[in-house]
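Same order as they appear, the protein sequences are chains S and E.
Position one of the first sequence corresponds to residue 81 (this note's numbering), numbered consecutively onward.
Position one of the second sequence corresponds to residue 233 (this note's numbering), numbered consecutively onward.
We put the beta carbon where it would ideally sit given N, CA and C, even for glycine.
The structure appears below as structure tokens.
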Amino acid sequence: DVKVTQSSRYLVKRTGEKVFLECVQDMDHENMFWYRQDPGLGLRLIYFSYDVKMKEKGDIPEGYSVSREKKERFSLILESASTNQTSMYLCASSPHRGSYEQYFGPGTRLTVT
Amino acid sequence: RKEVEQDPGPFNVPEGATVAFNCTYSNSASQSFFWYRQDCRKEPKLLMSVYSSGNEDGRFTAQLNRASQYISLLIRDSKLSDSATYLCVVNTVGSYIPTFGRGTSLIVHP
Numbered sequence: 081d082v083k084v085t086q087s088s089r090y091l092v093k094r095t096g097e098k099v100f101l102e103c104v105q106d107m108d109h110e111n112m113f114w115y116r117q118d119p120g121l122g123l124r125l126i127y128f129s130y131d132v133k134m135k136e137k138g139d140i141p142e143g144y145s146v147s148r149e150k151k152e153r154f155s156l157i158l159e160s161a162s163t164n165q166t167s168m169y170l171c172a173s174s175p176h177r178g179s180y181e182q183y184f185g186p187g188t189r190l191t192v193t
Numbered sequence: 233r234k235e236v237e238q239d240p241g242p243f244n245v246p247e248g249a250t251v252a253f254n255c256t257y258s259n260s261a262s263q264s265f266f267w268y269r270q271d272c273r274k275e276p277k278l279l280m281s282v283y284s285s286g287n288e289d290g291r292f293t294a295q296l297n298r299a300s301q302y303i304s305l306l307i308r309d310s311k312l313s314d315s316a317t318y319l320c321v322v323n324t325v326g327s328y329i330p331t332f333g334r335g336t337s338l339i340v341h342p
């Protein structure tokens with residue numbers, strides 16, 4: 081079974097803090113994704129990566145950055161957290177460029193106060 | 233116009249009922265189609281792929297209508313455990329970034 085893990089299930093941070101969300105997959109997948117999910121807005125893509133050290137902006141990259149130093153790990157960074165970044169953050173992976181099925185981690189519920 | 237549209241529901245049905253959801257997509261170059269299921273406070277999980285010829289998995293049937301650009305999910309003999317949000321996912325030729333619908337909520341009651 082594919083396993084995608086995320087570093088925290090729940091996180092509370094203060095406005096202005098730097099926040100790191102980590103995601104690890106154990107199936108040697110090439111593609112990794114970061115989404116946020118908000119009520120009524122569905123899943124929105126923040127960033128994705130199709131290879132180590134490669135990254136592409138998604139639909140809502142502002143206020144976020146990412147890092148992929150190793151194939152299995154994809155980190156999402158909030159440089160200076162703001163209250164409008166309170167959300168559920170979901171990491172996903174997919175095997176390779178031509179595959180479309182995504183495997184999600186359990187999510188991190190981030191609250192910024 | 234949203235690329236992938238779903239009726240948010242909720243669809244409220246009794247156990248044993250048959251329920252169907254539709255999902256419309258706007259990009260005619262769409263190539264691959266999926267249904268995901270998301271339980272409350274959980275991550276989305278792949279339910280089934282949708283093939284051109286239609287496909288069935290137990291009580292679940294998925295169909296694709298390319299001419300009208302929609303996919304459907306039919307659930308027969310609904311169970312309480314089918315209560316969840318069902319997400320429609322569409323992929324376009326040349327892109328490996330899927331487009332998610334906002335989901336349809338299903339509540340199955342006793």
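Classify residue i as buried or exposed, calling it buried when 16 or more other Cβ atoms lie within 10 Å of its own Cβ.
i, result
"residue 316 (chain E)", "buried"
"residue 321 (chain E)", "buried"
"residue 112 (chain S)", "buried"
"residue 309 (chain E)", "exposed"
"residue 314 (chain E)", "buried"
"residue 348 (chain E)", "There is no way to answer for residue 348 (chain E), as the model of chain E reaches only from 233 to 342."
"residue 183 (chain E)", "Nothing in the structure corresponds to residue 183 (chain E), since chain E is present only between 233 and 342."
"residue 261 (chain E)", "exposed"
"residue 273 (chain E)", "exposed"
"residue 253 (chain E)", "buried"
"residue 192 (chain S)", "buried"
"residue 319 (chain E)", "buried"
"residue 276 (chain E)", "buried"
"residue 96 (chain S)", "exposed"
"residue 99 (chain S)", "buried"
"residue 194 (chain S)", "Because chain S here runs from 81 to 193, residue 194 (chain S) falls outside it and cannot be looked at."
"residue 325 (chain E)", "exposed"
"residue 109 (chain S)", "buried"
"residue 236 (chain E)", "buried"
By the criterion of Cβ-Cβ separation under 8 Å, what are the contact partners of residue i in chain S?
i, result
"residue 330 (chain E)", "180, 182"
"residue 333 (chain E)", "122"
"residue 338 (chain E)", "Chain S residues near residue 338 (chain E): none, gap ~16 Å exceeds 8 Å."
"residue 323 (chain E)", "180"
Using the Cα positions of residue i and residue j, report the straight-line distance between them to the nearest angstrom.
i, j, result
"residue 329 (chain E)", "residue 118 (chain S)", "19 Å"
"residue 281 (chain E)", "residue 158 (chain S)", "34 Å"
"residue 288 (chain E)", "residue 294 (chain E)", "6 Å"
"residue 263 (chain E)", "residue 301 (chain E)", "11 Å"
"residue 107 (chain S)", "residue 174 (chain S)", "9 Å"
"residue 333 (chain E)", "residue 270 (chain E)", "12 Å"
"residue 307 (chain E)", "residue 125 (chain S)", "29 Å"
"residue 167 (chain S)", "residue 190 (chain S)", "6 Å"
Considering Cα atoms alone, identify which of the options is closest to residue i.
i, options, result
"residue 338 (chain E)", "E:273, E:242, E:264", "E:242"
"residue 290 (chain E)", "E:296, E:262, E:305, E:327", "E:305"
"residue 83 (chain S)", "S:183, S:179, S:140", "S:183"
"residue 323 (chain E)", "S:179, S:92, S:151", "S:179"
"residue 331 (chain E)", "E:246, E:274, E:255", "E:255"
"residue 147 (chain S)", "S:92, S:88, S:101", "S:101"
"residue 335 (chain E)", "S:122, S:176, S:142", "S:122"
"residue 149 (chain S)", "S:131, S:98, S:126, S:88", "S:131"
"residue 266 (chain E)", "E:286, E:257, E:258, E:279", "E:279"
"residue 115 (chain S)", "S:145, S:160, S:96, S:176", "S:145"
"residue 154 (chain S)", "S:136, S:93, S:91", "S:136"
"residue 140 (chain S)", "S:133, S:152, S:164", "S:164"
"residue 312 (chain E)", "E:248, E:303, E:283", "E:248"
Closer than 7 Å by beta-carbon distance: list the chain S residues that pair up with residue i, in chain order.
i, result
"residue 264 (chain E)", "180"
"residue 298 (chain E)", "Neighbours of residue 298 (chain E) on chain S: none; closest Cβ ~17 Å, over 7 Å."
Interface residues of chain E around residue i at Cβ under 8 Å?
i, result
"residue 186 (chain S)", "274, 275"
"residue 143 (chain S)", "Ordered by position in chain E, no residue passes the 8 Å Cβ test against residue 143 (chain S), which lies about 20 Å from the chain."
Which complete beta strand (DSSP E) runs does the region 85 to 148 of chain S hold, if anything under 3 residues is left out? 90 to 93, 99 to 105, 111 to 118, 122 to 129, all fully within the region 85 to 148 of chain S.
Just to confirm the assignment: which complete beta strand (DSSP E) runs, minimum length 3, are found wholly within the region 143 to 190 of chain S? Listed in chain order, they are 144 to 150, 153 to 158, 167 to 174.
Complete runs of the beta strand (DSSP E) confined to the region 268 to 322 of chain E [at least 3 residues]: Segments of the beta strand (DSSP E) lying fully in the region 268 to 322 of chain E: 276 to 282, 287 to 289, 292 to 297, 302 to 307.
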